[in-house]
Amino acid sequence: MKNTQTKGTSLLIERVLVNGTLQDIFVDETGVITSIGVGIARTFRGEAETCIDGAGDLALSGLVNTHTHAAMTLLRGFADDMPLQDWLTQKIWPLEAHLTGEDVYWGTKLACLEMIRSGTVAFNDMYFFMDEAARAVDEMGLCAVLAYGFLDLFSEEKREAECRATERLVQSIHGMKNPRIKAAVGPHAMYTVSPEGLRWVSEFAAEKEIGIHVHLSETEKEVTDAVSQWQKRPVKILDECGILTPRTVAAHCCWLDGDECSLLAKRGVHISHNPASNMKLATGRAMPYHWLKEAGASVTLGTDGCASNNNLDLFEEMKIASLLQKHSWNSQTLLPAGEALAMATSAGAKALGFGRGVIAPGEPANLILVDSHAVCNTPLHHAASNLVYSCSGNAVKTTICQGRVLMKDRVVTGEEEIVAGAAKAAASLVKRAREE
Numbered sequence: 000m001k002n003t004q005t006k007g008t009s010l011l012i013e014r015v016l017v018n019g020t021l022q023d024i025f026v027d028e029t030g031v032i033t034s035i036g037v038g039i040a041r042t043f044r045g046e047a048e049t050c051i052d053g054a055g056d057l058a059l060s061g062l063v064n065t066h067t068h069a070a071m072t073l074l075r076g077f078a079d080d081m082p083l084q085d086w087l088t089q090k091i092w093p094l095e096a097h098l099t100g101e102d103v104y105w106g107t108k109l110a111c112l113e114m115i116r117s118g119t120v121a122f123n124d125m126y127f128f129m130d131e132a133a134r135a136v137d138e139m140g141l142c143a144v145l146a147y148g149f150l151d152l153f154s155e156e157k158r159e160a161e162c163r164a165t166e167r168l169v170q171s172i173h174g175m176k177n178p179r180i181k182a183a184v185g186p187h188a189m190y191t192v193s194p195e196g197l198r199w200v201s202e203f204a205a206e207k208e209i210g211i212h213v214h215l216s217e218t219e220k221e222v223t224d225a226v227s228q229w230q231k232r233p234v235k236i237l238d239e240c241g242i243l244t245p246r247t248v249a250a251h252c253c254w255l256d257g258d259e260c261s262l263l264a265k266r267g268v269h270i271s272h273n274p275a276s277n278m279k280l281a282t283g284r285a286m287p288y289h290w291l292k293e294a295g296a297s298v299t300l301g302t303d304g305c306a307s308n309n310n311l312d313l314f315e316e317m318k319i320a321s322l323l324q325k326h327s328w329n330s331q332t333l334l335p336a337g338e339a340l341a342m343a344t345s346a347g348a349k350a351l352g353f354g355r356g357v358i359a360p361g362e363p364a365n366l367i368l369v370d371s372h373a374v375c376n377t378p379l380h381h382a383a384s385n386l387v388y389s390c391s392g393n394a395v396k397t398t399i400c401q402g403r404v405l406m407k408d409r410v411v412t413g414e415e416e417i418v419a420g421a422a423k424a425a426a427s428l429v430k431r432a433r434e435e
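Heads up: the sequence shown begins at 0 in numbering that gives the first Met the number 0, then just goes up one per residue.
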């Protein structure tokens with residue numbers, strides 16, 4: 000994919016709604032917003048190398064997906080509506096055993112395309128063959144934090160191999176010298192990674208000053224098994240191994256108690272709420288947003304992988320999150336639109352270290368233009384309400400990441416090639432698995 004704007008050029012966006020006021024935005028050649036205001040286009044029009052007429056569209060900070068497995072786009076629709084263990088052991092894991100680096104490359108490109116088309120500018124990814132994922136992200140122009148999925152399965156031999164794989168990925172990503180792409184460590188969960196593995200991951204992440212991406216208390220079984228085997232709940236186990244830090248994103252967190260919510264807040268951990276996946280896989284309980292909020296924890300939004308969602312549309316995820324919280328905890332006022340929007344923008348950007356997730360001078364130009372005249376946005380009484388409760392990613396007209404225009408007027412350069420390449424990779428993957 001070639002970006003629709005050459006890297007290192009200035010950009011003027013005219014006549015967009017920012018916080019309810021029609022304004023102009025100027026972005027310098029470094030991809031940073033330098034000026035916002037009414038009528039400033041007159042000042043910057045001669046200087047800007049690229050101009051976009053927003054025509055009254057809503058300017059919004061780009062969405063941030065804090066938990067996904069991007070290449071699992073290739074598994075979208077492969078197996079649905081099954082008991083969880085059957086789904087994993089009979090369908091997902093056997094297919095993943097045949098994955099190649101080329102599969103992950105095409106699956107990640109397809110994920111990036113889908114995210115660009117639905118207004119996501121940054122994501123937090125954990126999977127395999129992540130050097131190929133990095134290649135895809137580099138080409139597509141998004142921001143990403145990439146982690147190798149570390150699973151030692153309580154084997155010392157396996158642990159050594161996972162440590163080396165993690166080190167190689169971090170070295171590879173650092174060698175890219177691309178500020179849009181960051182490395183993280185990805186201990187899968189406390190039930191797939193030994194205490195020794197968790198401690199190594201924690202120490203390595205601290206040494207390299209990189210993030211930690213982990214699954215936490217997704218199911219009741221995870222909690223009861225931990226108590227049975229270790230006489231401790233998962234949060235306590237991760238805390239004792241040094242995993243809970245301000246650089247950590249913990250996905251799911253459905254089965255937390257009040258004390259655990261307080262501890263996560265105290266440690267500065269960022270929680271990733273994945274409501275669609277939790278509902279589809281019947282985790283049995285919604286993440287306790289009200290407890291986390293009361294504790295002062297940072298709560299962000301994720302989609303999980305496409306095999307258990309089955310899309311990457313964070314507009315849809317915002318609505319599901321808000322409705323699920325209201326329904327599950329019997330409160331019409333829980334997780335209002337403004338808070339859901341903040342979860343998907345500013346909270347996520349801060350969690351991944353890509354600015355503050357706001358449209359303001361000095362911030363990276365990670366922003367999207369949403370069609371204010373679309374049916375889903377008519378009438379426009381309250382923008383936040385429409386964006387959360389009636390919009391979808393299809394209303395996004397333009398996506399800009401670090402000042403680079405990745406989609407303009409719903410057009411993404413190279414889309415047909417990406418779709419064809421991913422479809423071919425998915426078909427080949429399924430064929431290899433069935434011929435085994």
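All C-beta atoms in this analysis are idealised placements derived from N, C-alpha and C, irrespective of residue type, glycine included.
Model, not experiment: these values are computed from the prediction.
Is Glu48 near the ligand FMN - that is, is its Cβ less than 6 Å away from at least one heavy atom of it? Absence of the ligand FMN from the depicted structure is noted, as is the absence of any ligand whatsoever, leaving it without description.
If you compare alpha carbons, which of Cys253, Lys108, Met278, Glu166 is closest to Ile319? The candidate whose alpha carbon is nearest that of Ile319 is Met278.
Can you grab the Cα-Cα spacing for the pair Leu323 / Glu338, in whole Å? 14 Å
Where are the alpha helix (DSSP H) runs, 4 residues long or more, that stay fully inside the region 392-425, in chain order? none
Considering only the alpha carbon of each residue, which of Tyr147, Gly76, Leu59, Glu195 lies closest to Gly19? Leu59
Quick check on this structure: which residue in Arg409, Arg433, Leu428, Val404 has the alpha carbon closest to the alpha carbon of Met139? Val404
Can you tell me whether Met81 is buried or exposed? The criterion is at least 16 other CB atoms within 10 Å of its CB, across all chains shown. Exposed.
Taking the alpha-carbon positions, what's the Arg433 to Tyr190 distance? 29 Å
C-alpha distance - Phe25 paired with Ala69, whole-angstrom precision: 32 Å
May I have the straight-line CA-CA distance separating Ala425 from Gln89, to the nearest angstrom? Distance between the alpha carbons of Ala425 and Gln89: 18 Å.
Where the beta strand (DSSP E) through Thr65 begins and ends: Where Thr65 is concerned, the enclosing beta strand (DSSP E) stretches over 62-67.
Asp23 lies in the beta strand (DSSP E); which residues open and close that run? 20-26
Taking buried to mean at least 16 other C-beta atoms within 10 Å of its own C-beta, is Asp85 buried or exposed? Counting Cβ neighbours within 10 Å, Asp85 comes out exposed, since fewer than 16 surround it.
At least 3 beta-carbon pairs within less than 8 Å: the region 173-190 vs the region 144-156: yes
With a 10 Å radius around its C-beta and 16 neighbouring C-beta atoms as the bar for buried, classify Lys430 as buried or exposed. It is exposed - the Cβ of Lys430 has fewer than 16 other Cβ atoms within 10 Å.
Sequence-distant residues of the same chain with beta carbon closer than 6 Å to Ala336, five excluded per side: Ala383, Ser384, Val387
The beta strand (DSSP E) spanning Met125 covers which residue range? 119-126
Check Gly38 in the structure and name its three-state DSSP category. coil
Does DSSP put Asp312 in a helix, a strand or coil? coil
7 Å Cβ cutoff met for His269 and Ala350: yes
When Ala281, Val136, Glu293 are compared against Leu83, the one with the closest alpha-carbon: Ala281
Helix, strand or coil for Leu366 per DSSP? In this structure, Leu366 counts as strand in the three-state DSSP scheme.
Mark Ala419 as exposed unless 16 or more other C-beta atoms lie within 10 angstroms of its C-beta, in which case mark it buried. exposed
Are Ser271 and Ala285 close, meaning C-beta to C-beta below 7 Å? A distance of 7 Å or more separates the beta carbons of Ser271 and Ala285.
Assuming Thr67 contacts Phe122 under a Cβ cut-off of 8 Å, what Cβ separation, rounded to an integer in Å, is found between them? 6 Å
Is DSSP giving Cys322 helix, strand or coil here? Position check: residue 322 holds Leu in this sequence, whereas Cys was assumed. Here Leu322 sits in helix by DSSP.
Evaluate Cys50 with the Cβ neighbour count: other Cβ atoms within 10 Å of its Cβ, from every protein chain shown; 16 or more gives buried, anything less gives exposed. exposed
Residue from Arg179, Val369, Met342, Pro233 whose Cα sits closest to the Cα of Gly402: Arg179
In the DSSP assignment, what are the bridge partners of His269? Answer is Val248, Ser297, bridged to His269.
Straight-line Cα distance separating Arg116 from Gly392: Their Cα atoms are separated by approximately 7 Å.
7 Å Cβ cutoff met for Trp290 and Cys253: no
Residue of Ala373, Glu435, Pro378, Ala359 minimising C-alpha distance to Val455: The shown model of the chain, from 0 to 435, leaves out residue 455, and the question about it has no answer.
Alpha carbon to alpha carbon, how far is Glu46 from Leu237? 52 Å
Who are the Cβ neighbours of Ala343 in its own chain at under 6 Å, not counting the five residues just before and after it? Leu62, Leu300, Leu313, Met317
Straight-line gap, Gly283 to Thr223 (C-alpha atoms, nearest Å): 14 Å
Looking only at its own chain, which residues have a Cβ that is under 6 Å from the Cβ of Thr72, when we skip the five neighbours before and after it? Gly106, Leu109, Ala110, Cys305
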